[in-house]
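Heads up: the sequence lines are chains B and E, in that order. Everything in the first sequence is counted per our numbering, starting at 1 for the first residue and increasing by one. Everything in the second sequence is counted per our numbering, starting at 1 for the first residue and increasing by one. Virtual Cβ for every residue (Gly too), placed ideally from N, Cα, C. Since the model is a prediction, treat every value here as computed from it, not as a measurement. Report on one structure; see the data block that follows.
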Amino acid sequence: MTRRGNLLAIVIVALITAFLVGLPLLRTGSISSVVSFLVPSLATMAIFAIVCIGLNVQWGYTGIFNFGVVGFFMVGAYTAAIVTKSPADGQFATYIGGLGDALAAVPLPGAGAWLPFLVAIIAAAALSAALALPLAWPIVRLREDYLAIALIGAAEVLRRIATEERWLVNGSRGLGGIPRPLAGWVNADAYNYVFLLIVVVLLLLVYVLVDRGIRSPWGRVLRAIREDEDATAAAGKDVVAFKLQGFVLGAAIMGAAGALFAFQQGAVSPETFTHFFGTFIFWAMLIAGGSGNMVGTIVGVYVIWGLWSTTLQLQGFDLPAFVEGRIPHLRDTLVGVIIVVVLLVNPRGLVPERARVSRWLDRRVAAMRRSEAAGD
Amino acid sequence: MAQAVEKSVVEREVALARQRTTRWSQTLGPWVPWLLIGGFAAWSAVARTDQFVVGVIVGSLYGLAAVGLTLIYGIARVSHFAHGDVMMFAAYLAFFALTGAVVGSQTGDVVFPFHLGQLPGATEPIWRFSFGYGLVLAILIGATLAVPVLLAIDRFVYQPLLRRGSSTAILAVASLGVAISMRGVMLLIWGPTGRRYVGGIRTTVDIPGLPRIVADQFFIMLAAGVLATAAYVVLYRTRLGTAMRAMADNADLARASGIDIAATRRWTWVVGGGLTAAAGCLLALQSQLSPELGFILLLPIFASAILGGIGSPHGAFLGGLIVGVVGEVAVGLGVISPGYKMAVIFVMLIAVILLRPRGLLGAQS
Chain B
1 MTRRGNLLAI VIVALITAFL VGLPLLRTGS ISSVVSFLVP SLATMAIFAI VCIGLNVQWG
61 YTGIFNFGVV GFFMVGAYTA AIVTKSPADG QFATYIGGLG DALAAVPLPG AGAWLPFLVA
121 IIAAAALSAA LALPLAWPIV RLREDYLAIA LIGAAEVLRR IATEERWLVN GSRGLGGIPR
181 PLAGWVNADA YNYVFLLIVV VLLLLVYVLV DRGIRSPWGR VLRAIREDED ATAAAGKDVV
241 AFKLQGFVLG AAIMGAAGAL FAFQQGAVSP ETFTHFFGTF IFWAMLIAGG SGNMVGTIVG
301 VYVIWGLWST TLQLQGFDLP AFVEGRIPHL RDTLVGVIIV VVLLVNPRGL VPERARVSRW
361 LDRRVAAMRR SEAAGD
Chain E
1 MAQAVEKSVV EREVALARQR TTRWSQTLGP WVPWLLIGGF AAWSAVARTD QFVVGVIVGS
61 LYGLAAVGLT LIYGIARVSH FAHGDVMMFA AYLAFFALTG AVVGSQTGDV VFPFHLGQLP
121 GATEPIWRFS FGYGLVLAIL IGATLAVPVL LAIDRFVYQP LLRRGSSTAI LAVASLGVAI
181 SMRGVMLLIW GPTGRRYVGG IRTTVDIPGL PRIVADQFFI MLAAGVLATA AYVVLYRTRL
241 GTAMRAMADN ADLARASGID IAATRRWTWV VGGGLTAAAG CLLALQSQLS PELGFILLLP
301 IFASAILGGI GSPHGAFLGG LIVGVVGEVA VGLGVISPGY KMAVIFVMLI AVILLRPRGL
361 LGAQS
């Protein structure tokens with residue numbers, strides 16, 4: 001069963017890879033253009049994978065279904081923008097912050113290239129967490145669907161604030177000209193590779209940290225809460241506190257990913273952060289890949305975003321106008337259909353979570369098996 | 001040992017004595033929310049009549065959809081996050097029945113033949129409405145056609161999940177998937193731009209002493225009133241309604257008393273879904289049709305259902321009226337931008353969840 005499941009995952013990943021490489025190759029016929037298409041695409045995937053790891057901490061490990069991901073993602077992106085940009089000129093753009101110049105002036109070696117961005121990522125995560133805590137704290141002890149609707153509401157309110165308040169983040173015009181980390185150190189041609197490297201390193205960092213956390217006793221409590229809240233409470237664990245910790249950690253990770261997204265795009269505006277683009281698509285990635293599983297999450301991001309960019313590639317081919325105009329909408333529909341179909345057919349996703357209590361127990365069981373075998 | 005027993009007896013007596021002496025706050029306590037609501041309604045009806053009227057119209061539509069939501073939650077056990085998209089989808093079905101239009105390949109629409117707009121005199125305005133009898137028929141058709149869609153979704157998505165013993169959380173995520181799919185289908189067929197049933201200027205009606213009211217809003221009020229009455233009769237005056245409310249209240253007891261669970265579940269989708277769909281069509285007449293509106297509608301509708309008390313249909317309708325009026329009046333004060341209507345509703349939702357999570361008319365335990 002699991003072997004067949006693994007095979008399916010491998011086949012789908014291979015298919016997506018074939019599409020991702022094959023379609024641009026067919027269209028342009030040159031390897032270098034394929035690479036130049038794939039590199040930014042992989043960077044986007046790495047950023048989305050970080051968001052999905054955050055969502056996975058919330059849903060896959062704590063059981064909180066956050067339908068307002070876009071709120072935290074957006075707050076992270078806007079925070080990064082106002083931390084790294086120069087102060088507002090007040091004429092074409094008004095926004096608070098603009099700490100980029102001040103941070104670049106800090107007497108550290110090459111501060112301008114890295115310090116504002118480091119501060120921005122930390123600030124994005126911190127602000128996101130600071131929003132998540134008061135929102136979840138009173139509601140998390142009530143019903144889960146109340147928290148879900150409150151999070152949808154909060155995300156919508158944050159989108160409205162970003163649109164309405166010109167003094168805060170320049171209103172509906174959004175913020176452009178966001179600087180890019182380490183941009184002064186490398187030439188422009190190679191920058192995409194450097195950025196990919198940065199986000200992949202950060203993805204690995206988040207991956208390792210969360211993975212360690214989940215395998216720790218702390219993570220075991222989270223998974224226990226997801227499986228049976230009452231039993232965990234009966235075992236003497238403060239369920240509300242653990243749920244809050246999981247939720248806030250997830251929100252902080254989403255905020256940090258939002259900061260990276262802002263650096264990659266170079267501009268943020270309220271239109272970028274729709275419920276679809278900021279929430280739905282991440283849910284499809286998480287459900288498709290297999291929630292409660294770090295590898296599955298990344299596979300899900302690869303598959304869904306791969307499908308997404310592949311359909312974009314299809315627009316370059318000579319298709320009937322009736323089909324071509326509808327490709328983006330077909331893609332949107334697919335995101336919803338995938339969630340429903342995966343839940344119905346294989347709710348554990350492409351890469352199911354392994355039933356595992358702890359590494360210590362694994363070792364004990366293995367040792368016992370060995371000694372049994374030796375005894376025979 | 002004996003001392004400990006005596007002490008506990010004394011403590012119990014003291015506690016009982018405390019319970020007997022009722023304080024004024026205890027007597028008045030249950031009435032405080034009602035006094036606040038009544039006071040606010042009276043004040044806004046007099047001082048902010050314009051916004052009050054619009055609030056009642058929009059609110060009654062929120063209320064009808066919230067009745068559907070609360071029934072579906074109570075009986076079908078689905079936290080239905082596709083509810084807003086169901087409303088929009090029904091509105092688009094009505095739009096299609098009326099105009100036969102789907103979005104074309106480049107610009108402009110492709111219009112199918114055989115639509116209601118072709119019937120003789122169907123678009124001829126009735127009274128001072130902007131529409132003719134064609135739209136009334138179209139709304140009926142849209143609301144009716146949405147019901148089999150919902151029944152199919154329940155049959156092929158929610159029921160299999162429930163049979164497998166999935167948690168409410170899984171069902172909520174599945175309903176999010178349904179919502180995204182429906183939004184996608186609307187985008188595929190009718191495109192992303194907002195639409196209206198009828199273009200042009202809306203005629204207003206002047207009644208001395210009342211604010212100017214758009215003529216169409218009288219129709220919406222009338223239709224909402226008819227639907228609310230019908231819902232009341234079905235839910236509170238028929239055997240089916242009693243069965244539905246019994247199931248919403250306590251599914252196990254209802255099963256034990258011989259209620260046909262499967263049939264009641266189907267009827268819930270028919271009644272609750274039909275109400276929701278009709279409310280969606282009317283809301284689209286009040287504002288507009290757009291695939292993006294569906295998801296945002298979840299906020300006022302859930303707020304209405306939670307404010308009224310989940311599982312209580314008349315509470316949900318009342319909740320809708322309150323949410324509608326407060327939302328309109330708050331942005332009508334001119335202190336905050338109209339863009340913040342959803343923010344006001346969000347604050348109300350949070351306040352209800354914090355102060356009275358069982359709602360106004362929900363079971364208080």
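The criterion of a C-beta distance shorter than 7 Å is not satisfied by M221/E and F89/E.
Taking 7 Å as the cut-off, the beta carbon of V39/B is found no closer than this to the beta carbon of L25/B. Under the criterion of beta carbons closer than 8 Å, M87/E and A65/E qualify as touching, at roughly 6 Å.
For chain B, the residues of the segment 279–304 of chain E that bring a beta carbon within less than 7 Å of one of its beta carbons are F295, I296, L298, L299 and F302, in chain order. In chain order, V234 and L235 place their CB closer than 7 Å to the CB of G241/E, counting only its own chain and leaving out the 5 sequence neighbours on each side.
Near chain B, meaning a CB-to-CB distance below 9 Å, no residue of the segment 44–59 of chain E qualifies. Interface residue (Cβ-Cβ distance to chain E less than 7 Å): G246/B is not classified as such.
When Cβ-Cβ separations below 7 Å define contact, M342/E makes contact with chain B. Of S130/E, L318/E, I336/E and P291/E, the smallest CA-CA separation from V205/E is found for S130/E. A straight line joining the alpha-carbon of I281/B with that of A248/E spans about 33 Å. When Cβ pairs closer than 8 Å are counted between the two stretches, the segment 76–96 of chain B is seen not to touch the segment 325–341 of chain B, the count staying below three. Close to chain E, meaning a Cβ-Cβ distance shorter than 7 Å, are the following residues of the segment 119–153 of chain B: P138, I139, L142, E144, D145, Y146, A148, I149, A150, I152 and G153. The three-state secondary structure of A355/B, taken from DSSP, is coil. The Cβ neighbour count for W360/B, taken over all protein chains shown within 10 Å, is under 16; the residue is labelled exposed. When only Cα atoms are considered, V53/E and F322/B end up about 44 Å apart.
Out of D109/E, P113/E, A138/E and V110/E, the CA that lies nearest to the CA of T123/E is found in A138/E. In the DSSP assignment, V110/E forms a beta bridge with V102/E. Secondary structure note for N192/B: its alpha helix (DSSP H) is the uninterrupted segment Y191 to R215. Under the rule that a run must span 3 or more residues, no beta strand (DSSP E) segment is found entirely inside the segment 112–175 of chain E. The alpha-carbon of V210/B is positioned some 12 Å away from that of V295/B. R195/E is bridged by DSSP to L289/E. A direct Cα-to-Cα measurement between L222/B and K243/B gives close to 7 Å.
In the DSSP annotation of this structure, the continuous segment of the alpha helix (DSSP H) that includes G241/E starts and ends at R239 to D249. Under the 8 Å Cβ criterion, the segment 301–316 of chain E does not count as touching the segment 159–172 of chain E, having fewer than three qualifying pairs.
When the five nearest sequence neighbours on each side are left out, the beta carbons in the same chain lying within less than 6 Å of the beta carbon of V199/B are those of A43, A46, I47 and L260, in order along the chain.
Ranked by how close their Cα comes to the Cα of F81/E, the residues D189/B, E144/B and L175/B have E144/B in first place. 7 Å or more divides the Cβ of V75/B from the Cβ of A343/E. In this structure the segment 346–361 of chain E does not lie against the segment 163–171 of chain B, because fewer than three pairs of beta carbons, one per stretch, are closer than 8 Å. When the Cα atoms are used, E372/B and G68/B turn out to be separated by approximately 51 Å. Assignment of L108/B by DSSP, reduced to helix, strand and coil, places it in the coil class. Excluding five sequence positions before and after F219/E, the CB atoms of its chain that fall closer than 7 Å to its own CB belong to F129, given in chain order. At least 7 Å separates the CB of S312/E from every CB of chain B. Counted as a single uninterrupted DSSP element, the alpha helix (DSSP H) harbouring R159/B occupies residues E144 to E164. At a cut-off of 7 Å between beta-carbon atoms, F65/B makes contact with chain E. One alpha carbon belongs to Y302/B, the other to L20/B, and they sit about 10 Å apart. Scanning its chain for C-beta atoms nearer than 7 Å, with the 5 sequence neighbours on each side dropped, one finds around Y95/B the residues I82, A88, L168, V169, N170 and L175, in chain order.
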